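Scroll down for the structure; my scribbles are underneath it.
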Amino acid sequence: MKLYYSKGAASLAVRIMIHEMNLACTFESVDLKTKITETGGDFLNITPKGYVPALKVDDKIILTETAIILQYLADQHHATAFLSELGNVNRYRVLEWTNFISTELHKSCAVLLNPNIPEVTKDILFNTGLKMKLNMVNDHLSKNQYLVQDQFTIADGYLFTVLFWLPHFLKIELSPWHHLDGYFLKHKNRASIQTAFQEEIAEAI
Ligand SMILES: N[C@@H](CCC(=O)N[C@@H](CS)C(=O)NCC(=O)O)C(=O)O
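Each residue of the sequence shown is one higher than the last, beginning at 5 in the working numbering.
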């Protein structure tokens, strides 16, 4: 397997879960502006979407979409600790969170990172959208250590990655959300996360 990634991007969630599951994988970085990979390849030939993560499973299969790659890895490797088996309601709780992170948090952050959107519009979008959603996750984490039950799942790997973006890319401090902040500080010490950060962005946390 090979993961196409960019430092600190959504691909970080996949790298974290690859380490959680102890999977063998190589990593190739992509310049998202030029769409050229570390080895000089045209990333658009790997995926016409031009964004990371992209997981090359073998010579025939390239998977994209963070939420789907995470599910694939857990299912393929029978890693039910990170995503319960078919039919178990916890599976759908984890997928519910994973989808929420993808469509509500990840995409809201992407809009705020867009240099073509005026700051005043970003402020309105943040105050009427992302902020409320973060409040909701903060409330959930006031009563729970993890997103679902007492287990770090694929949804937690993804949430951790999005929370990393807030101070590091969006200059939004986590401290006003006491429980998001505590969750981030607690999980950043996980071995998988420490390894992923050492590999991608040694000085970041
Ligand atoms: N729908 C994709 C979006 C992935 C995405 O937004 N990737 C960003 C980095 S976090 C990217 O590669 N952006 C470059 C581009 O879109 O050209 C997913 O959920 O994985």
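The beta carbon of each residue, even a glycine, is placed where N, CA and C say it ideally should be. Treat the numbers as computed from the prediction; the structure is a model and nothing was measured.
Notebook entry, point to check: How would you call A78, buried or exposed, if buried means at least 16 neighbouring beta carbons within 10 angstroms?
Noted result: buried
Next item on the list: Under 7 angstroms Cβ to Cβ from I197, same chain only, skipping five residues before and after it: list those, please.
Entry: I20, F164 and H191
Next item on the list: Give a yes or no on whether the C-beta atoms belonging to Y150 and T102 are separated by under 9 angstroms.
Entry: no
Check: Can you tell me the Cα-Cα spacing of L145 and T107, whole angstroms?
Finding: 19 angstroms
Next item on the list: Rank L167, E204 and T68 by C-alpha distance to the C-alpha of Y187 and give the top, closest one.
Entry: L167
Note to self: Once the 5 residues before and after V152 are set aside, which same chain residues still bring their CB inside 7 angstroms of it?
What the structure shows: N94, R97, V98, W101 and A159
Checklist line | alpha helix (DSSP H) runs contained entirely in the segment 17-70, provided each spans 4 or more residues | finding: 47-50
Notebook entry, point to check: Can you give the Cα-Cα distance for Q75 and L87, rounded to whole angstroms?
Noted result: 7 angstroms
Margin query: As a quick exercise: from L116, L138, N120 and N139, pick the residue whose alpha carbon is nearest that of I128.
Written below: L116
Note to self: Can you list, in chain order, the residues of its chain with a C-beta nearer than 7 angstroms to that of A85? Leave out the 5 residues immediately preceding and following it.
What the structure shows: Q155
Next item on the list: Note down, in chain order, each residue of its chain lying with its Cβ closer than 7 angstroms to the Cβ of T2, except the 5 sequence neighbours on either side.
Entry: Here the chain has residues from 5 to 209 only, and residue 2 is not among them.
Margin query: I want to check one thing, is the minimum distance from the CB of P57 to the heavy atoms of ligand 1 below 8 angstroms?
Written below: yes
Next item on the list: Can you say whether I22 is buried or exposed, counting buried as having 16 or more other CB atoms within 10 angstroms of its CB?
Entry: buried
Notebook entry, point to check: With respect to 8 angstroms, is the separation between the Cβ of T70 and the closest non-hydrogen atom of ligand 1 below this value?
Noted result: yes
Checklist line | Span of the alpha helix (DSSP H) around Y96 | finding: V93 to F104
Next item on the list: Would you mind sorting A114 into buried or exposed? The rule is 16 or more other CB atoms within 10 Å of its CB.
Entry: exposed
Notebook entry, point to check: Pick from M5, G12, L7 and N193: whose alpha carbon is nearest that of L170?
Noted result: G12
Next item on the list: Please go through the same chain and pick out, in chain order, the residues whose beta-carbon is closer than 8 angstroms to the beta-carbon of L178, but skip the five residues on each side of it.
Entry: L167, L170, P171, L184, D185 and F188
Checklist line | Cβ neighbour criterion (16 or more within 10 Å) applied to E24 | finding: buried
Note to self: Please state the DSSP three-state secondary structure of Q253.
What the structure shows: Missing from the structure shown is residue 253; the chain here goes from 5 to 209 and no further.
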